[in-house]
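Peer 1: Quick one: the structure is below, questions incoming.
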Amino acid sequence: MISDTISILDGNKFVVSNREGDIEATPTDNHGLFLNDTRFLSRWVLTVNGMRPKLLSVDDTAYFAAQHFLALATGTVYVDSHLTVVRRRFVNGGFHEELVVANHDQEPIELDVRIEADADFADLFEVKDKLNKKGELYRRAEADGTLTLGYRRDRYCRETQVVSSKPAQVGDGGLSFHIRLEPQAEWTTSLDVRAVTDPGQTNIDDRNRLKEASLLETDDETARAMTGDLRAWIKDAPRLSCSWESLEHTYRRSLIDLAALRFRSGIFPGALPAAGLPWFMTVFGRDSLLTSFQALPFAPELAATTLNSLSLLQARRDDPFRDAEPGKIPHELRFGEMTAFEETPHSPYYGTADATPLFLILLEEYERWTGDRKLVRRLERNARAAVDWIDRYGDRDGDGYIEYQTRSSNGLGNQCWKDSGDSIAYADGRIASLPRATCELQGYAYDAKRRMARLAREVWDDPTWAKELDSQAAHLKRRFNQDFWMPERRAFALGLDGEKRQIDSLTSNIGHLLWSGIADKDKAEHCARRLMGDALFSGWGVRTMAVGEGSYNPIGYHVGTVWPHDNSFIAWGLRRYGFREEAAQLSFAMLEAAELFHNRLPEAFAGYARSTTKYPVEYPTACSPQAWATGAPLLLLRALLGLETDGRHLFVDPALPEQIAQLTLLDISGPWGRIDAFGRARAAVDAPSAAG
Amino acid sequence: MVAASASEGRWASVSGRAPGLAGLSCHVEFYVANALAGVLRIEESGHVRIVDEGRAAALIAVDSHETLVRLLRGDLPPIVAHLQGLVRFEGDADLALRVLFGLQEGSPWIEPETGRPS
């Protein structure tokens, strides 16, 4: 499906326009220039002699830049148009647009070129929920020709400045140019739209930008620097070659999208993955942690920044409005007006029951893949606080399991990854009572404690704590396999409800139990069969909820759709328990779906059976690119090649489907230096082989 | 800290432990209402005191004494203060934010029982 919008982005700065390059925000079109969860431009419309140029084509091959080729034509007729327009745009602290108007006629022509500009400074939550502003909008034409659009509420002030390289008539509605073009002549102007978060003061973020800007004298150089940065990012990642060309494209697309989603803020060192375009271009604990995990063998620096940034935001206090308790890792951090005035709790909001154990899981995984013990030592205090949160606050009622229930007037009902309102339901379709202890949370807690035991033993020099953690994990595993197992369904329950009854629907969550290692081996075998059976496996991937459950809906957000990230962790879990063929089958199916989505997996797609459709069916409001969907092919590759490390050596144990004759990943970095991994299909899935 | 300070002139003599700052070892400059209020010296143990000078890695500028007290008492989340323009950071912003979060866990400038400036 061809989208009717074009999005270019760089972390949390992004522009959404129509295909002509115009920005026209309406209640149904979420166009705009967005930065820090605020829309700094809601209208940016080009007219020539009162007419809108029509689209010839659009080129958005770089994630941060687009070119729109237009022609002035009457009605829908393009024939004999002698006037073309090109808009070249890239994102920086706002965006830069080069506007080129060309006269291909034999006669000179007089033109009125006009850019209408306006900004509503809407918080992203106001855009989503269609809320009104509480402060005052203003605009002024500066003496130097700059058009300033502004918004003020108490001391909160945001401005958009529009500057043209050619003299413009600056009025209330925007910028106008009256030009005369000789035959075969061109006219060009550069338009800079700057988003200013602290007008009147140079804040630290701006200062850093100024330092960068002093090295980059022209916009061309800025664009070149961004291109160079992307090139270096791709060069630093392992190189992939495959007999199946599509996988090479998917891999490259994943790396580019991960680069695009790198979120930088003046208050964090480095870049961490933002969750997804357009609504989630910010720090999400769970999303950043899982994406960093998926990307570890490919871009380990993401994990370092994620761990650092989340440790900074780890809760120190009990705060019901934000669902915060000491030691808890945040769910979501926002930078918009509603957060600033505490109308929403996102400063940050802590309504997630899984980010805290996932933080610990990533910390240990990071240490094995990088050998960076310095960071692990520095975060020991944070790790201890996180473990303490699991025992003291995560387990609300002392039954030994993590359960959740919001304490905030503005909090999330479900605080697991399936966080929509209807996701945690019994098999008959009723919504489960609160508080809820979903099964994967217990798996994460088990895994986190085992991993922390290793770090306590090997890095923090605390064998007593290590022993205690190992013992707690073993106890949790024993109890879990009794309390959550449904013998009649031969699967683990989705969770326990407020009355400690099993929430008995069959869902993809059981795949995460394989990833965490909490499932007993005999029960894992049943789970593997269930995951790859017709009720859960659609042919493209494992559905979030099985066909036949009361709530099942193939286009229900968390009750029947297929989520690529979910599947990548399931595939890795299958590998962990030795289900090589199942892992290969699932990985290949998901990568085939990626091919049909132009090599970019969306956040989710519909759960229709593959036998009924040649193409996976789109989920209408899926984010794309979305961080953990972008990371999914990377973890699937890890599952196919069986990449694992003990912190000293890289182990390669390929298990390829017969459709992939050969797969090579070169220069995998780690404490071992750089190592290559090779895999090739045999009649059956490969037997274990030595590292390359 | 500086809340009681400026008027009573004794803030600089107050020192003690700020448990949330344990593990940091640095100097941070504090400005309150556009005036230098002092340099906060943080030791690895979490012991803190005000010194006349020191090579600061970060600067924290707070718009008023009232804001500072609210920050120290934990009534005002540092991110909210930052977004509202009540506090600004220069230099190592990550460190500055770590210090503000850390001070919210308790400091010698706030009475733990009453929440009043010491």
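As you go down the protein sequences, you meet chains A and B in turn. Using this note's numbering, you'd call the opening residue of the first sequence number 943 and step up by one each time. Using this note's numbering, you'd call the opening residue of the second sequence number 390 and step up by one each time. Ideal placement from N, C-alpha and C gives every residue a C-beta, glycine not left out.
(1) So, at 6 angstroms on beta carbons, what are the nonlocal neighbours of L1152(A) in its own chain, with the 5 sequence-adjacent residues on each side left out?
(2) Measuring CA to CA, which of D1403(A), M1394(A), V1401(A) is closest to L1411(A)?
(3) Could you tell me whether the Cβ of S1230(A) comes closer than 9 angstroms to any Cβ of chain B?
(4) Within 9 angstroms of any Cβ in chain B, is that where the Cβ of I1209(A) sits?
(5) DSSP three-state label for R1431(A), please.
(6) List in chain order: all unbroken alpha helix (DSSP H) runs of 4+ residues lying wholly within the stretch 1554 to 1616 of chain A.
(7) Give the list of continuous alpha helix (DSSP H) stretches no shorter than 4 residues that lie fully inside the stretch 1012 to 1095 of chain A.
(8) Could you say if the stretch 1043 to 1053 of chain A and the stretch 1065 to 1072 of chain A meet the contact criterion of at least three C-beta pairs nearer than 8 angstroms?
(9) Counting Cβ pairs closer than 8 angstroms, one from the stretch 1390 to 1410 of chain A and one from the stretch 1424 to 1439 of chain A, do we hit at least three?
(10) Tell me the residue span of the alpha helix (DSSP H) that contains N1250(A).
(11) Measuring only the C-alpha atoms, how far is A1548(A) from V1484(A)?
(12) If you measure beta-carbon to beta-carbon, which residues of the stretch 462 to 479 of chain B are closer than 7 angstroms to chain A?
(13) To the nearest angstrom, how far is the alpha carbon of N1113(A) from that of V458(B)?
(14) What residues from the stretch 1088 to 1104 of chain A come within 8 angstroms of chain B, judged by C-beta to C-beta, listed N to C?
(15) Going by C-alpha distance, which of F1426(A), L1219(A), R1392(A) is nearest A1379(A)?
(16) In its own chain, which residues sit with a C-beta less than 8 angstroms from the C-beta of P1405(A), not counting the 5 before and 5 after it?
(17) Counting along the chain, where does the alpha helix (DSSP H) carrying V511(B) start and finish?
(18) Are the CB atoms of L1091(A) and G1036(A) within a distance shorter than 9 angstroms?
(19) Apart from the five residues on each side of it in sequence, which residues of its chain come closer than 6 angstroms, Cβ to Cβ, to Y1080(A)?
(20) Answer with buried or exposed for L1073(A), where buried requires no fewer than 16 other C-beta atoms within 10 angstroms of its C-beta.
(21) Report all residues from its chain with a CB closer than 6 angstroms to the CB of G1116(A); omit the five preceding and five following residues, and keep chain order.
(22) State the start and end residues of the unbroken beta strand (DSSP E) segment that holds N960(A).
(23) On the three-state DSSP scale, how would you describe L1376(A)?
(24) Among L1300(A), G1278(A), F1283(A), which one has its Cα closest to the Cα of I1271(A)?
(25) Have a look at Q1604(A) and F1620(A) and give me their C-alpha separation to the nearest angstrom.
(26) For the stretch 1283 to 1297 of chain A, list every residue whose C-beta sits within 7 angstroms of some C-beta in chain B, in sequence order.
(27) Beta carbon of L1383(A), beta carbon of E1345(A): below 9 angstroms?
(28) Rank G504(B), G495(B), P501(B) by C-alpha distance to the C-alpha of G435(B) and give the top, closest one.
(29) Exposed or buried, L425(B), counting other C-beta atoms within 10 Å across all chains shown (16 or more means buried)?
(30) Less than 7 angstroms between C-beta atoms, sequence neighbours within five positions excluded: which residues of the same chain meet that for A470(B)?
(31) Take every Cβ of the stretch 1532 to 1545 of chain A, pair it with every Cβ of the stretch 1566 to 1585 of chain A, and state whether three or more of those distances are shorter than 8 angstroms.
(32) Determine the burial state of E397(B): buried for a count of at least 16 other Cβ atoms within 10 Å of its Cβ, exposed for fewer.
(33) Using a beta-carbon distance cut-off of less than 7 angstroms, what residues from the stretch 1255 to 1266 of chain A approach chain B?
(34) Whose CA, out of V1225(A), D952(A), G1612(A), R1590(A), lies closest to the CA of I1198(A)?
(35) Over the uninterrupted alpha helix (DSSP H) stretch that includes F982(A), give me the two end residues.
(36) For a contact meaning CB atoms closer than 8 angstroms, what does D1140(A) contact in chain B?
Peer 2: In brief:
(1) Reliability fails at L1152(A), whose pLDDT of 33 lies under 50, so the model's placement of it is uncertain and the value that follows must be treated cautiously. So the list is empty, once near-sequence residues are dropped.
(2) Closest by alpha carbon: M1394(A).
(3) Answer no: the Cβ-Cβ gap between S1230(A) and chain B never drops below 9 angstroms.
(4) I1209(A) counts as touching chain B.
(5) DSSP places R1431(A) in coil when its eight states are reduced to three.
(6) Listed in chain order, they are 1569 to 1583.
(7) Within the stretch 1012 to 1095 of chain A, the complete alpha helix (DSSP H) runs of at least 4 residues are 1066 to 1071.
(8) The stretch 1065 to 1072 of chain A and the stretch 1043 to 1053 of chain A do not touch, with fewer than three beta-carbon pairs separated by less than 8 angstroms.
(9) No: the two stretches stay apart, fewer than three of their Cβ pairs being nearer than 8 angstroms.
(10) For N1250(A), the enclosing alpha helix (DSSP H) stretches over residues 1243 to 1255.
(11) Take the alpha-carbon of A1548(A) and the one of V1484(A): they are about 11 angstroms apart.
(12) Those residues of the stretch 462 to 479 of chain B that come within reach of chain A (Cβ to Cβ, closer than 7 angstroms) are G463, P466, I468, V469, L472, Q473, G474, L475, R477, F478, E479.
(13) Per the sequence shown, residue 1113(A) should be read as Gly rather than Asn. So the two alpha carbons sit approximately 45 angstroms from each other.
(14) Using a CB distance below 8 angstroms, the part of the stretch 1088 to 1104 of chain A facing chain B consists of D1096, R1097, Y1098, C1099, ordered along the chain.
(15) The option with the nearest alpha carbon to A1379(A) is F1426(A).
(16) Residues of the same chain with a CB within less than 8 angstroms of the CB of P1405(A), apart from the 5 flanking positions on each side, are A1398, R1399 in chain order.
(17) The structure shown does not extend to residue 511(B), since chain B spans only 390 to 507, so no value can be given for it.
(18) For G1036(A) and L1091(A), no; Cβs fall outside 9 angstroms.
(19) In chain order, G1092 place their CB closer than 6 angstroms to the CB of Y1080(A), counting only its own chain and leaving out the 5 sequence neighbours on each side.
(20) Exposed is the call here.
(21) Cβ within range, chain order: I1057, E1058, A1059.
(22) N960(A): member of the beta strand (DSSP E) spanning 955 to 960, first to last residue.
(23) In this structure, DSSP gives L1376(A) a state outside helix and strand, which the three-state scheme calls coil.
(24) Measuring from the Cα of I1271(A), the nearest candidate turns out to be L1300(A).
(25) If I take the Cα positions, the gap works out to 8 angstroms.
(26) Taking a C-beta cut-off of 7 angstroms against chain B, the contacting residues of the stretch 1283 to 1297 of chain A are E1284, S1289, P1290, listed in chain order.
(27) Going by beta carbons, L1383(A) and E1345(A) fall inside the 9 angstroms limit.
(28) Across the set G504(B), G495(B), P501(B), the C-alpha of G495(B) shows the shortest separation from the C-alpha of G435(B).
(29) Flag for L425(B) reads exposed.
(30) Taken in chain order, the residues that qualify are T456, L460, V476.
(31) Contact between the stretch 1532 to 1545 of chain A and the stretch 1566 to 1585 of chain A is present: three or more C-beta pairs spanning the two stretches fall below 8 angstroms.
(32) Note that E397(B) scores a pLDDT of 45, beneath 50, so its modelled location is shaky; the value from the coordinates is reported in the next line. Burial call: exposed.
(33) Cβ contacts with chain B come from R1258, R1259.
(34) Looking only at V1225(A), D952(A), G1612(A), R1590(A), the smallest Cα-Cα distance to I1198(A) is reached by D952(A).
(35) Segment 980 to 983 is the beta strand (DSSP E) holding F982(A); no alpha helix (DSSP H) there.
(36) By Cβ distance, chain B contributes G474, R477.
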